[in-house]
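In the numbering used here, the protein residues as written are 123 to 313. Glycine included, every Cβ here is placed at the ideal spot set by N, Cα and C.
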């Protein structure tokens, strides 16, 4: 069982690290921070610069925590927060199925990291070195609740911190696009 958990942790955590590095550094064909900031602007996640870094670091550091089995509940909470935000801002309106841009993949990832928290990362983990082979149901619930609370806080802050839009002069049409082509639909590939 411990080896099975290690495989799940390395695959899920490793892909989260890669996904975070796409946002943070432009690795693996990702958009980098500039592209991630544009995506955050298009999704009304203000301030975009802060949210771009927060998403990138949550996925990178949270993914590393899952892969290593280190601070599992906190790593899981960070990842659940990013996935919950992705569902609420991009995938939720598309229904459950991934083939239609839905939220099934996000739900699977949230379930996996919550399950790893509840049942524990196993003996082959850094958490085991501090005696936490199994965190338990309370910590699994903590990861879920903290992740959803973080998502809600980020979305609500984005609404409150939205920049005031300059109204065009009478009869004038604004041609400025603050996201320079980034739309919630183009964010599907990045989240």
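Counting only runs of 4+ residues, the alpha helix (DSSP H) found wholly inside the region 193-270 occupies 194-208, 226-241, 248-251, in chain order. By the neighbour-count criterion, in which a residue is buried when 16 or more other Cβ atoms sit within 10 angstroms of its Cβ, residue 273 is buried. According to the DSSP assignment, residue 148 belongs to no alpha helix (DSSP H), since it is labelled neither H nor E. Here DSSP, grouped into helix, strand and coil, assigns residue 184 to helix. For residue 166, the three-state secondary structure derived from DSSP is coil. The region 218-227 and the region 257-264 do not touch, with fewer than 3 CB-CB distances between them shorter than 8 Å. Between the C-alpha atoms of residue 140 and residue 283 there is a straight-line separation of about 29 Å. Between residue 158 and residue 177, the gap from beta carbon to beta carbon is short of 8 Å. In the structure shown, the three-state DSSP call for residue 161 is helix. When 188, 163, 211, 172 are compared, the shortest CA-CA separation from residue 137 is found for 188.
Here residue 286 carries a coil assignment [DSSP, helix/strand/coil].
Taking 8 Å as the cut-off, the beta carbon of residue 135 is found closer than this to the beta carbon of residue 185.
A direct Cα-Cα distance of roughly 33 Å separates residue 242 from residue 215.
Here DSSP, grouped into helix, strand and coil, assigns residue 191 to coil. Contact between residue 244 and residue 191 is confirmed by a C-beta separation of about 7 Å, below the 8 Å threshold.
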